[in-house]
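For the sequence shown, the numbering used here assigns the number 4 to the initial residue and increments by one for each residue that follows.
Glycine is no exception: its CB is placed at the ideal position from the N, C-alpha and C atoms.
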Amino acid sequence: PAGAKSVAWSGVAGTAALAGLAAIITAAVIVGSTADRQTVQYSSLLQGRAAEPLAYDHAGGRVIVTLTRAYDPGDELVQILRAGRGEKVIVFEWAIRNVGGGPVTLPADVAELKYSDGETRRKGATFVGVGNGAAPRGISGHTTATVRAAFVVPVDATPLALDFQATFTGLGGITYDFR
Numbered sequence: 004p005a006g007a008k009s010v011a012w013s014g015v016a017g018t019a020a021l022a023g024l025a026a027i028i029t030a031a032v033i034v035g036s037t038a039d040r041q042t043v044q045y046s047s048l049l050q051g052r053a054a055e056p057l058a059y060d061h062a063g064g065r066v067i068v069t070l071t072r073a074y075d076p077g078d079e080l081v082q083i084l085r086a087g088r089g090e091k092v093i094v095f096e097w098a099i100r101n102v103g104g105g106p107v108t109l110p111a112d113v114a115e116l117k118y119s120d121g122e123t124r125r126k127g128a129t130f131v132g133v134g135n136g137a138a139p140r141g142i143s144g145h146t147t148a149t150v151r152a153a154f155v156v157p158v159d160a161t162p163l164a165l166d167f168q169a170t171f172t173g174l175g176g177i178t179y180d181f182r
């Protein structure tokens with residue numbers, strides 16, 4: 004039978020080895036989930052000047068993602084949403100071009116807005132439209148779809164960043180930082 008010191012040292016060594024393995028796995032997840040980042044002039048989006056396109060390879064094809072426009076306020080653009088007192092709707096619009104291969108699907112939680120209204124907050128899209136339907140929805144190969152994400156936020160909200168996450172963008176997705 005092992006002595007008390009042997010048991011204690013084995014426990015310490017096992018714990019240290021396990022902690023080292025956990026650190027390696029955590030570092031791999033962080034590195035592998037880094038978002039593509041773009042700095043975008045928010046006022047340019049409001050004027051209809053698009054951000055630079057980003058391209059992603061997926062099974063059998065390529066997807067090109069372009070943030071094309073922002074509507075602030077966008078209350079009239081999304082008739083199914085009604086902003087309450089002290090609120091407004093902000094709508095972000097993308098052109099998603101599926102150059103080839105099979106369909107790609109956009110989930111309902113594809114977009115999240117970071118904004119400030121005196122405090123920094125995050126909010127998922129209240130509604131996401133893909134083409135003429137609601138997400139989740141697929142975009143067939145060799146087609147382009149207009150995607151709109153609508154957010155109901157306080158009327159004094161200032162957008163700070165927008166996250167776009169679909170499976171074809173990888174673990175980190177895209178983060179648009181507004182200036």
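| Query | Result |
| --- | --- |
| Between the CA atoms of residue 64 and residue 133 - distance to the nearest angstrom | 19 Å |
| Complete beta strand (DSSP E) runs within the segment 98-159 (minimum length 3 residues, chain order) | 107-109, 114-119, 123-127, 130-133, 140-142, 146-157 |
| Residue 100 versus residue 48: straight-line alpha-carbon distance, rounded | 19 Å |
| Whole-Å CB distance - residue 92 paired with residue 98, under 8 Å assumed | Not quite, the Cβ-Cβ distance comes to about 20 Å (not below 8 Å), so this is no contact. |
| Contact with chain D by residue 81, beta-carbon distance below 8 Å | This model lacks chain D altogether; it includes just one protein chain. |
| Segment limits, beta strand (DSSP E) that includes residue 57 | 57-61 |
| Residue 153 vs residue 66 beta-carbon contact at 8 Å | no |
| Whole-Å CB distance - residue 38 paired with residue 178, under 8 Å assumed | 4 Å |
| Proximity of residue 117 and residue 163 at Cβ, strictly below 8 Å | yes |
| Member of 103, 125, 130 whose CA lies at the smallest distance from the CA of residue 77 | 130 |
| Residue 165 vs residue 114 beta-carbon contact at 8 Å | yes |
| Alpha-carbon to alpha-carbon, residue 168 and residue 3 | Since the first residue shown for the chain is 4 and the last is 182, residue 3 is missing from the structure and cannot be characterised. |
| Within the segment 35-92, ranges of the alpha helix (DSSP H) (whole runs, at least 4 residues) | 45-49 |
| Cβ-Cβ separation, residue 105 to residue 62 (assumed contact under 8 Å), whole Å | 6 Å |
| Close beta carbons around residue 119, own chain, < 8 Å, minus the five adjacent residues each side | 160, 161, 163 |
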